[in-house]
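Structure first, then comments.
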Amino acid sequence: MNNIPEIAPTFRFQWEEAQDCYVILYPEGMVKLSGSAGEIMKRCDGIKSTEEIITELEGAFPGVDLKDDVRNFLDNARNNGWIRYKP
Amino acid sequence: MAGSDTNRSQPLWLLAELTYRCPLQCPYCSNPVEIAKYNDELSTEDWIRVLQQARKMGATQLGFSGGEPLVRRDLEELIAEARRLGYYTNLITSGVGMDADRVKKFKEAGLDHIQISFQASNEELNNYLGGTKSFRHKQEMARVVKEFEYPMVLNIVLHRKNVDQIRDILDMTVDLNADYVELASTQYYGWSRVNIDQLLPTREQLARAEVVAKEYQEKMKDRMKIIYVIPDYFENRPKACMNGWGAIFLTIAPDGSALPCHAAAQLPGLEFPNVRDHSIDHIWNDSDAFNKYRGFDWMQEPCRSCPEKEKDFGGCRCQAYMLTGDATNADPVCDKSPHHGQLHADVDRIGSLSGTKEFESKPLVFRNMRNSKDIMSDRTIPA
Numbered sequence: 001m002n003n004i005p006e007i008a009p010t011f012r013f014q015w016e017e018a019q020d021c022y023v024i025l026y027p028e029g030m031v032k033l034s035g036s037a038g039e040i041m042k043r044c045d046g047i048k049s050t051e052e053i054i055t056e057l058e059g060a061f062p063g064v065d066l067k068d069d070v071r072n073f074l075d076n077a078r079n080n081g082w083i084r085y086k087p
Numbered sequence: 001m002a003g004s005d006t007n008r009s010q011p012l013w014l015l016a017e018l019t020y021r022c023p024l025q026c027p028y029c030s031n032p033v034e035i036a037k038y039n040d041e042l043s044t045e046d047w048i049r050v051l052q053q054a055r056k057m058g059a060t061q062l063g064f065s066g067g068e069p070l071v072r073r074d075l076e077e078l079i080a081e082a083r084r085l086g087y088y089t090n091l092i093t094s095g096v097g098m099d100a101d102r103v104k105k106f107k108e109a110g111l112d113h114i115q116i117s118f119q120a121s122n123e124e125l126n127n128y129l130g131g132t133k134s135f136r137h138k139q140e141m142a143r144v145v146k147e148f149e150y151p152m153v154l155n156i157v158l159h160r161k162n163v164d165q166i167r168d169i170l171d172m173t174v175d176l177n178a179d180y181v182e183l184a185s186t187q188y189y190g191w192s193r194v195n196i197d198q199l200l201p202t203r204e205q206l207a208r209a210e211v212v213a214k215e216y217q218e219k220m221k222d223r224m225k226i227i228y229v230i231p232d233y234f235e236n237r238p239k240a241c242m243n244g245w246g247a248i249f250l251t252i253a254p255d256g257s258a259l260p261c262h263a264a265a266q267l268p269g270l271e272f273p274n275v276r277d278h279s280i281d282h283i284w285n286d287s288d289a290f291n292k293y294r295g296f297d298w299m300q301e302p303c304r305s306c307p308e309k310e311k312d313f314g315g316c317r318c319q320a321y322m323l324t325g326d327a328t329n330a331d332p333v334c335d336k337s338p339h340h341g342q343l344h345a346d347v348d349r350i351g352s353l354s355g356t357k358e359f360e361s362k363p364l365v366f367r368n369m370r371n372s373k374d375i376m377s378d379r380t381i382p383a
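As you go down the protein sequences, you meet chains A and B in turn.
With the first letter of the first sequence counted as 1, position 62 gets the number 62 in my numbering; the numbers rise by one all the way through.
With the first letter of the second sequence counted as 1, position 145 gets the number 145 in my numbering; the numbers rise by one all the way through.
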């Protein structure tokens, strides 16, 4: 199963105190992430599968169906090169 | 209190010009022509203090630049401190002074990204423009950078002597597997201003180059990002220089003087504060130099009443000063500026002479300490 996302080695993901949000850093640039995007990205640790991430998020934010949102975000993140799937 | 006030600007981008020493002598170098004056370099401890203070104020992107930053023996130590502080660290280098062992040490210290400059796509022109035999070594270093899984930016400064080779240049960057390519048109400050007659491309050259750049941008869009910007002199609206004065950029020169942009040292009537005497907080928030062209109150017409002023901030203060003699004027790149015609006259004059044997054989003034001293001693009026 290649559905374990991790941050791509050519990007950095971190909490920025001064911006009060998670950010993606790359050569000479920065993208500020929304709260929900940050919650998804911080779970892309190369260990959890996409399904496990969804389960964990639905546990943390009960009563919301997050499946499509998470999958859409991960598709975008991969298109931007921020994450890759472990082989 | 800085930091608690969210309306205040933050120095998000810290450019640390560690030294103006450089093994290369590129005649379009963006360093000031007065490089020979900057021999009193900051110590390691000074730089570490600067990194800590700027990070506290929100700085996230850090560029180690120069001159050639590899000349500094404490580079590994500074990278490690930058990583500890949480910076995204960019090394902006010619590649000369680098080897695989040092690249490995940088990786271990936490360096995030390496940008290597090339002068041209062939050995002869590259080595001529850089004033040193560096082409093969640069290519080798680009391969090493990729081996260590760094994102790689290749930067090529374009001008009349190499812009016709843009296709070969792009093919080279494809071969080297660049992630980003910056085709940086020469902007005419510092050394390139001295050499403008030799470097300014013609309109025809630019038109041809643009077609090729667009072709590769489209063709390579899934593999690499190509950034191509035409020189200011061919535009009708100015760039939003530095995103506004004292808005996000903070440059520290090798001697510790703090500048809102790396070319600002030439502006008259400004005393740039030094990190040896003041904190970054004071420099950014309270110094006269950083407040001088912040906001819009300093503007004259046509900028003052212009609806576009919030988009381009009146352009570049250095260009306004160089070309009109007054830094509060509109950047003459703007066609609303009464000085815009002069700029066109310059482009036309150089365009009509370029290609002629006599004009093309005029020697370039290479960027080195000897020429810097000569320029400073010859100067009777500030350029």
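Built from N, CA and C at the ideal position, the CB exists for glycine as well.
Bear in mind that the values here come from a model prediction, so they are computed numbers and not experimental data.
Which residues mark the beginning and the end of the alpha helix (DSSP H) in which Val103 (chain B) is found? The residue given as residue 103 (chain B) occupies position 103 in the second sequence. Run containing Val103 (chain B): Ala100 to Ala109, per the alpha helix (DSSP H) assignment.
Can you tell me whether Asn236 (chain B) is buried or exposed, with buried defined as 16 or more other CB within 10 angstroms of its CB? Taking the first residue of the second sequence as 1, we reach residue 236 (chain B) at position 236. Label assigned to Asn236 (chain B): exposed.
List, in chain order, every chain E residue whose beta-carbon is nearer than 9 Å to that of Met41 (chain A). Judged by its chain identifiers, the structure shown contains no chain E, and its protein chains are A and B.
DSSP on Pro5 (chain A), reduced to helix/strand/coil? For the purposes of this step, residue 5 (chain A) is identified with residue 5 of the first sequence, where counting begins at 1. In the structure shown, Pro5 (chain A) sits in a strand (DSSP, three-state: E or B).
Between which residues of its own chain and Gln119 (chain B) is the CB-CB distance below 6 Å, once the five residues before and five after are set aside? On the second sequence, position 119 is the one that residue 119 (chain B) refers to. Correct list, in chain order: Asn126, Leu129 and Gly130.
Contact between the region 238-257 of chain B and the region 315-329 of chain B: three or more CB pairs below 8 Å? The region 238-257 of chain B and the region 315-329 of chain B touch, with no fewer than 3 CB-CB distances between them shorter than 8 Å.
Under three-state DSSP, which class holds Lys362 (chain B)? Walking along the second sequence from the start, residue 362 (chain B) turns up at place 362. Of the three classes helix, strand and coil, the one that applies to Lys362 (chain B) here is coil, per DSSP.
Closest residue to Glu360 (chain B) among B:Glu77, B:Tyr189 and B:Asp197 (Cα-Cα distance): As a position in the second sequence, residue 360 (chain B) is number 360, starting the count at 1. Cα-wise, what sits closest to Glu360 (chain B) is B:Asp197.
Taking Cβ positions only, does Gly110 (chain B) come closer than 7 Å to chain A? Along the second sequence, one-based indexing puts residue 110 (chain B) at 110. Closer than 7 Å: no.
What distance in whole Å lies between the Cβ atoms of Val103 (chain B) and Val71 (chain B), which are believed to be in contact at a cut-off of 8 Å? The sequence position of residue 71 (chain B) within the second sequence is 71, counting from 1. The sequence position of residue 103 (chain B) within the second sequence is 103, counting from 1. Actually they do not touch by this definition, with Cβ atoms about 16 Å apart.
Tyr26 (chain A) versus Gln61 (chain B): straight-line alpha-carbon distance, rounded: As a first step, residue 26 (chain A) is located in the first sequence; it is residue number 26 there, counting from the start. As a first step, residue 61 (chain B) is located in the second sequence; it is residue number 61 there, counting from the start. Looking at the two C-alpha atoms, the distance is approximately 9 Å.
For Ile226 (chain B), report the span of its beta strand (DSSP E) as first-last. Translated into the one-based positions of the second sequence, residue 226 (chain B) becomes position 226. Looking at the DSSP string, the run of the beta strand (DSSP E) that includes Ile226 (chain B) is Lys225 to Val229.
Within 10 Å of its beta-carbon, does Thr356 (chain B) have 16 or more other beta-carbons around it, so buried, or fewer, so exposed? As a first step, residue 356 (chain B) must be located in the second sequence, where it is residue number 356. That one is exposed.
Can you tell me where the alpha helix (DSSP H) holding Cys318 (chain B) begins and where it ends? Residue mapping note: residue 318 (chain B) aligns to position 318 of the second sequence, counting from 1. It spans Arg317 to Thr324 - the alpha helix (DSSP H) in which Cys318 (chain B) sits, taken as one unbroken run.
Which whole-angstrom value describes the C-beta separation of Ala16 (chain B) and Ser65 (chain B), a residue pair presumed to lie in contact below a C-beta threshold of 8 Å? The residue you call residue 16 (chain B) lines up with position 16 of the second sequence. The residue you call residue 65 (chain B) lines up with position 65 of the second sequence. Contact flag correct, Cβ pair sits at about 7 Å.
Are the beta-carbon atoms of Ser279 (chain B) and Gln53 (chain B) separated by less than 7 Å? Locating residue 279 (chain B) in the second sequence gives position 279, where the first residue counts as 1. Locating residue 53 (chain B) in the second sequence gives position 53, where the first residue counts as 1. Cβ distance < 7 Å, so Ser279 (chain B) and Gln53 (chain B) count as in contact.
What residue range does the beta strand (DSSP E) around Lys32 (chain A) cover? Residue mapping note: residue 32 (chain A) aligns to position 32 of the first sequence, counting from 1. Taken as a continuous stretch (DSSP letters only), the beta strand (DSSP E) holding Lys32 (chain A) covers Gly29 to Lys32.
Answer yes or no: does any C-beta atom of chain A fall closer than 7 Å to that of Val103 (chain B)? Translated into the one-based positions of the second sequence, residue 103 (chain B) becomes position 103. By the rule that beta-carbons nearer than 7 Å mark a contact, Val103 (chain B) does not touch chain A.
Using only the alpha-carbon positions, how far apart do Glu301 (chain B) and Leu170 (chain B) sit? Here the question's residue 301 (chain B) lines up with position 301 in the second sequence. Here the question's residue 170 (chain B) lines up with position 170 in the second sequence. Spanning the two alpha carbons is a distance of roughly 42 Å.
Beta-carbon spacing of Ala263 (chain B), Tyr189 (chain B) below 7 Å: In the second sequence, the residue the question calls residue 263 (chain B) occupies position 263. In the second sequence, the residue the question calls residue 189 (chain B) occupies position 189. Yes, the Cβ-Cβ distance between Ala263 (chain B) and Tyr189 (chain B) is below 7 Å.
Check distances from the C-beta atoms of the region 25-52 of chain A to those of chain B and list, in chain order, the residues that come in under 8 Å. Answer in chain order: Leu25, Tyr26, Pro27, Glu28, Gly29 and Met30.
Going by alpha carbons, who is nearest to Glu81 (chain B) out of B:Asp99, B:Glu108 and B:Pro273? Looking up residue 81 (chain B) in the second sequence gives position 81. Measuring from the Cα of Glu81 (chain B), the nearest candidate turns out to be B:Glu108.
With 7 Å as the threshold, decide whether the Cβ of Arg12 (chain A) is near any Cβ in chain B. Counting from 1 along the first sequence, the entry for residue 12 (chain A) is found at position 12. Chain B, which has a Cβ nearer than 7 Å to the Cβ of Arg12 (chain A), makes this yes.
Looking at the structure shown, is Gly38 (chain A) part of a helix, part of a strand, or coil, going by DSSP? On the first sequence, residue 38 (chain A) is found 38 positions in, with the first residue counted as 1. Reduced to three states, the DSSP call for Gly38 (chain A) is helix.
In terms of DSSP beta bridges, what is Gln14 (chain A) paired with? Numbered from 1 along the first sequence, position 14 holds the residue referred to as residue 14 (chain A). For Gln14 (chain A), which the question treats as bridged, DSSP gives the partners A:Val23.
Compute the Euclidean distance between the alpha carbons of Lys42 (chain A) and Phe61 (chain A), then round it to the nearest angstrom. Against the first sequence, residue 42 (chain A) aligns to sequence position 42. Against the first sequence, residue 61 (chain A) aligns to sequence position 61. Answer to the nearest angstrom: the Cα atoms are 15 Å apart.
Name the chain B residues that come within less than 7 Å of Ala77 (chain A), Cβ to Cβ? Counting from one through the first sequence, the residue named residue 77 (chain A) turns up at place 77. None at all; the shortest Cβ gap to chain B is about 16 Å.
Return the CA-CA distance between Met369 (chain B) and Leu259 (chain B), expressed in angstroms with no decimal places. Position 369 of the second sequence, counting from 1, holds the residue named residue 369 (chain B). Position 259 of the second sequence, counting from 1, holds the residue named residue 259 (chain B). So the alpha carbons of these two residues sit roughly 22 Å apart.
Could you confirm whether any beta carbon from chain A is found closer than 7 Å to the beta carbon of Met1 (chain B)? Taking the first residue of the second sequence as position 1, residue 1 (chain B) is located at position 1. Below a pLDDT of 50, predicted positions are generally treated as unreliable, and Met1 (chain B), at 37, falls in that range; no measurement from the model is reported.
Is it buried or exposed, Gln187 (chain B), if we count other Cβ atoms within 10 angstroms and call 16 or more buried? Translated into positions along the second sequence, residue 187 (chain B) becomes position 187. Gln187 (chain B) should be labelled buried.
Exposure label - Asp112 (chain B); buried when at least 16 CB within 10 Å: The sequence position of residue 112 (chain B) within the second sequence is 112, counting from 1. Asp112 (chain B) should be labelled buried.
Compile a chain-ordered list of the residues in the region 163-178 of chain B whose CB is closer than 9 Å to at least one CB of chain A. none
List the residues of chain A that Gln115 (chain B) touches, going by C-beta distances under 9 Å, in chain order. On the second sequence, position 115 is the one that residue 115 (chain B) refers to. Contact annotation for Gln115 (chain B) against chain A: Pro27 and Glu28 [CB-CB distance below 9 Å, chain order].
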